[in-house]
C-alpha cells in the first residue's frame, strides 16, 4: 500500500518544537523528524520512548568484567601459576590487587565498544549505508517533519502545517516496505 | 525564549552574527576549499621530518637497539621519555571531550573535535616507542594473552608494562570511537553540502549514512554521555598506569606513591599546552576566530594554571620526601648530588623554568588573554614537560644503587631523529585532518547558538529573556494562499540591519492615505520633537526595523502614541500599511507599548 506523507520544512528549532506540539495535539501522526543537530526535548515532544542504550552499556560492562576475571583466573592462577616478585598466586582473591587495572580496562573496553556497535546497528549506521534524510538541507539549517497523511484531508493538513510556520510543504507518495 | 537563557554576565562563545547556515559554511570551508601555500609548506616540512624519523626507525630495527645512546645503567632514555610525553599530550583531548561534557561546559564544543584528534594522533606516536623498543616489533603480538608456541606460558598480568598494553589500547580505541561517533553528523553535513561527486561518495561512506532522525539524535546524545562517563575514569587510569611503570619499581626516585596524581596532572598540563599550540594556529589558518575565541583560550589557560600548580607542588614534595624520609638513596637523588645541583642541573632547571616560572605569568589576566603570549607559554610548557619526563627517567636511573655504575646519557642522532620523526608524523596527521575533517563539532555548536551566541545574547539583552524571536506570521493574508514561501520569513532576525534597497522600497504613499493618517494621528496624538522623546519602537514584539520605519513615516514615534491605539486605530493602520493585516491587534501593540512606557 502506498503511504502518503507530508514533509514540512521549518527553519528554526523553536518553531519546529512548537509545530511538533501543535501537530501532536491536533492528533496528526508525526512519523519522523530530521534535524541538523540535537534539539533539546524534541524526542519527548515527538513522543519517543527513552533510549535503553545506557542499560546495554552497563550489561556489556559486566560482560567485560567477567571476561577479565575469568581470563586472568585461568591464565595466572589455574593454568600456569608463577611466583612473580613474590606476589601470592594461590587464589584469585590473593592475587587480585595486581589484576584490578586490567579488570577496569576490559570493563570499559567492552562497555564502550559494544554500546557503540549496538548504537550503529540499531540506528542502521555503517559504511556504505545510504543516507535517508529526504532533503540535504536537514544536515545544515533546516528541520523536516514527516506527517502521515493517509487518512486525512491533504488540503486541510497542508493549511494546518502552514499555520504552524512551515516554510515548505511537499506531498510524498511512498511505497511501504512491509 | 526562556529555555535558551544564559546569564548575561557570561561572555559569548560564538562571535559575530552567525546563523546555523553560517556555521555549516565556516566549518566546511577548509574541507571544500583549496589548500593554501602555507599549508603545503608546513606539510612538506612535517613530511620530511616524518620520513627522516622513519629512516631512523628502520635503521634501529635492522641494526638493533645499540644504535641508540643507551648503556647498561641507563636502559630507558629518550624512547620512554617520548612515550610518556606523547601519552600525556593525549590526555587533554579526552579531558575536554569527556570530563567537560560531564560538567556541561559549553566552551568544550568548539575545541573538542581537534583536541580529540590530537589525542588519537599523539597516542599513535606514543604507541610507536614501546613497539620499537621491543627491538623485534614483528613479535609485538607476544604482549597479547593468546595461546602460543611456548606451551601455555601466558603474559604476566602482574606487570605494569602489561597493564600499559591494555590501558593504551583501550584508551586509543575508545577515543577513536568516541571521536568518530561525534563526527558522523558533521561528515553528513559535508556530504550534503559538497558539489563534487567524489567528495559526496567519500563523505557518504565516512558518515555511515547519518540521516539525523530524532531517534538517532536521542541515542547519539545518550551514547556520548555514557562514553564520557566511561572515558573520564579511563583517562585517569591511563596515566596512572603509565606512572605505575615507574612507581612499582624499586629504583630510587621512581619508587614513589605520589606518581599517579602527579603524572595525571602533568599529562593534562602538557596536553592543554599542545591544544593551545595547535588551535591558536588553526583558528587563524582556517578562519575560525568566531568559534575558538579568546575566551576559549583563557579557559584553557586556567586549566593550565591549575594543573601546573599541582605539578609544582609535586616537585616540591619530592624534595621534601628526599629530606624527610632519611633514605640515603632518596637523599642522593634529590639532595646531596641532587637533580638540581648534580650533572643534570640544566635539565632540572629547564623543567622548573618551563613548567613553573613561565606559566606563572598566566595569573595576569591580560597575559592570559593575550594570544601571542599564550602561544609562547604553550610552546615553553611543551618543552618543559618533555624535560620533566627526561628528568624522571634519565636523571633517576643515571644514579642507581651502585655508585660504580653511575653514568650519563648521550643521545645519538638516531634517538633525536626518531623523536623528530614522531613530531613530523604527528603534524602530518594533524594537517591532513585539518584539511579533510570538520574541525569543529558544528552540530554541537549549533545547539549552543541560542544560549551563547553573541547575536542571540544581544537580542536577549535588548528584548528581554522571555521574548520569542519566532514571529507568528499570518500565513494566508486575505485568504489568497501562501503569499511568499521565502526562507527565514518566520524568524525575526533582528540583527540584520535594514539594507539600502529595503529602505527605498519602504515608502508609504503619504498623499494617498493623507486623510487616514490625519485621522489616526488625531486619535493617538502627534509627535512634537520639541517636547517628546522618541522611543525605540522595535522593542515592541512584532515591530521590526521595516515596520518601525513605516510608523515613523506616519508620524508615530513614541510608546505613548502606540499605547492609545484601539481596534479602530488598528484598522486604520492596516488600511495604510497593508502588508501585515491584523498584526498589530494580535500582538497587542497598545498593551506592550503601555508596559514599555511605564518601564521608561
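Chains as they are written, first to last, in the numbering used here: chain A, 7 to 184; chain S, -11 to 588.
Cβ atoms here follow ideal geometry from the backbone N, Cα and C, with glycine treated the same way.
All of these numbers come straight from a predicted model, not from anything done at the bench.
Would the beta-carbon of residue 214 of chain S fall within 7 Å of that of residue 74 of chain A?
no
Just verifying my parser: in three-state terms, what is the DSSP assignment at residue 153 of chain A?
DSSP places residue 153 of chain A in the strand class (E or B) of the three-state scheme.
Can you pull out the residues from the stretch 197 to 219 of chain S whose beta carbon lies closer than 8 Å to at least one beta carbon of chain A?
197, 198, 199, 200, 201, 202, 203, 204, 205, 206, 207, 208, 209, 210, 211, 213, 214, 215, 218 and 219
Below 7 Å CB to CB, which residues in the same chain sit around residue 195 of chain S once its five sequence neighbours on both sides are set aside?
The residues are 172, 175, 176 and 179.
Return the chain-ordered ranges of every alpha helix (DSSP H) run that is complete within the stretch 17 to 89 of chain S and spans a minimum of 4 residues.
25 to 51 and 66 to 82
Using 7 Å as the limit for Cβ to Cβ distance, is residue 471 of chain S near chain A?
For residue 471 of chain S, the predicted model reports a pLDDT of 43, less than 50, meaning its position is unreliable; a value from the coordinates is still stated below. No, its Cβ sits nowhere closer than 7 Å to a Cβ of chain A.
Since residue 185 of chain A sits in a beta bridge, which residues does DSSP pair it with?
Lying before the first or after the last residue shown, residue 185 of chain A is absent from chain A, which here runs from 7 to 184.
With residue 36 of chain A as the anchor, note down where its beta strand (DSSP E) starts and where it stops.
Where residue 36 of chain A is concerned, the enclosing beta strand (DSSP E) stretches over 36 to 40.
CB contact check: residue 180 of chain A to chain C, cutoff 7 Å:
Looking at the structure shown, chain C is missing, and the protein chains on hand are A and S.
Continuous alpha helix (DSSP H) stretch holding residue 429 of chain S: start and end:
For residue 429 of chain S, there is no enclosing alpha helix (DSSP H), as DSSP gives it neither H nor E.
Can you tell me which of S:571, S:296 and S:151 puts its alpha carbon nearest to the alpha carbon of residue 236 of chain S?
Nearest option by C-alpha distance: S:151.
Alpha helix (DSSP H) runs wholly inside the stretch 311 to 356 of chain S, at least 4 long, in chain order:
316 to 322, 333 to 340 and 353 to 356
What number of angstroms, rounded off, separates the C-alpha of residue 539 of chain S from the C-alpha of residue 574 of chain S?
Going by C-alpha positions, residue 539 of chain S is about 17 Å away from residue 574 of chain S.
Are the beta-carbon atoms belonging to residue 35 of chain S and residue 416 of chain S less than 7 Å from one another?
yes
Indicate the three-state DSSP secondary structure (helix, strand or coil) for residue 461 of chain S in the structure shown.
Because residue 461 of chain S sits at a pLDDT of 48, beneath the cut-off of 50, its placement in the model cannot be relied upon, and the following sentence gives the value as read from the coordinates. In the structure shown, residue 461 of chain S sits in coil (DSSP, three-state: anything other than H, G, I, E or B).
Run through DSSP, which three-state label would residue 441 of chain S get?
strand
Use the C-beta contact count for residue 67 of chain A: other C-beta atoms within 10 angstroms, 16 or more gives buried, fewer gives exposed.
Buried is the call here.
Under 7 Å between C-beta atoms, does residue 116 of chain A make it to chain S?
no
Exposed or buried, which one is residue 384 of chain S when buried takes at least 16 other CB atoms within 10 Å?
buried
Segment contact flag, the stretch 7 to 22 of chain A with the stretch 146 to 165 of chain A, C-beta cutoff 8 Å, min 3 pairs:
When C-beta atoms of the stretch 7 to 22 of chain A are compared with those of the stretch 146 to 165 of chain A, three or more pairs fall below 8 Å, so the two segments count as touching.
Closest residue to residue 55 of chain A among S:202, S:87 and S:268 (Cα-Cα distance)
S:202
Have a look at the DSSP bridge pairing and note the partners of residue 201 of chain S.
A:40
Whole-angstrom distance between residue 338 of chain S and residue 263 of chain S, CA atom to CA atom
The straight-line gap from Cα to Cα measures roughly 21 Å.
Do you know how far the Cα of residue 289 of chain S is from the Cα of residue 356 of chain S?
6 Å
Thinking C-alpha only, which one of S:259, S:161 and S:246 is nearest residue 293 of chain S?
S:259
Chain-ordered neighbours of residue 78 of chain S on chain A, where CB pairs are closer than 8 Å
Under the 8 Å cutoff, chain A gives no residues; its nearest Cβ is about 16 Å from residue 78 of chain S.
For the alpha helix (DSSP H) that contains residue 540 of chain S, what are its first and last residues?
533 to 542
With distances taken from CA atoms, which of S:28, S:518 and S:512 is nearest residue 547 of chain S?
S:512
Three Cβ pairs or more, each shorter than 8 Å: is that satisfied between the stretch 39 to 50 of chain A and the stretch 131 to 150 of chain A?
yes
Quick check: the Cα distance between residue 115 of chain S and residue 49 of chain S, rounded to an integer number of angstroms?
CA-CA distance, residue 115 of chain S to residue 49 of chain S, rounds to 16 Å.
Range covered by the alpha helix (DSSP H) that runs through residue 159 of chain S:
It spans 148 to 181 - the alpha helix (DSSP H) in which residue 159 of chain S sits, taken as one unbroken run.
Once the 5 residues before and after residue 109 of chain S are set aside, which same chain residues still bring their CB inside 7 Å of it?
Cβ neighbours of residue 109 of chain S beyond the five flanking positions: 414, 417 and 418.
Who are the neighbours of residue 90 of chain A on chain S, taking C-beta pairs under 8 Å?
144, 146 and 147
Boundaries (first-last residue) of the alpha helix (DSSP H) holding residue 119 of chain A
Where residue 119 of chain A is concerned, the enclosing alpha helix (DSSP H) starts and stops at 106 to 128.
Measure the alpha-carbon distance for residue 119 of chain S versus residue 67 of chain S and round it to whole angstroms.
10 Å
CB of residue 138 of chain A within 7 Å of CB of residue 199 of chain S, strictly
yes
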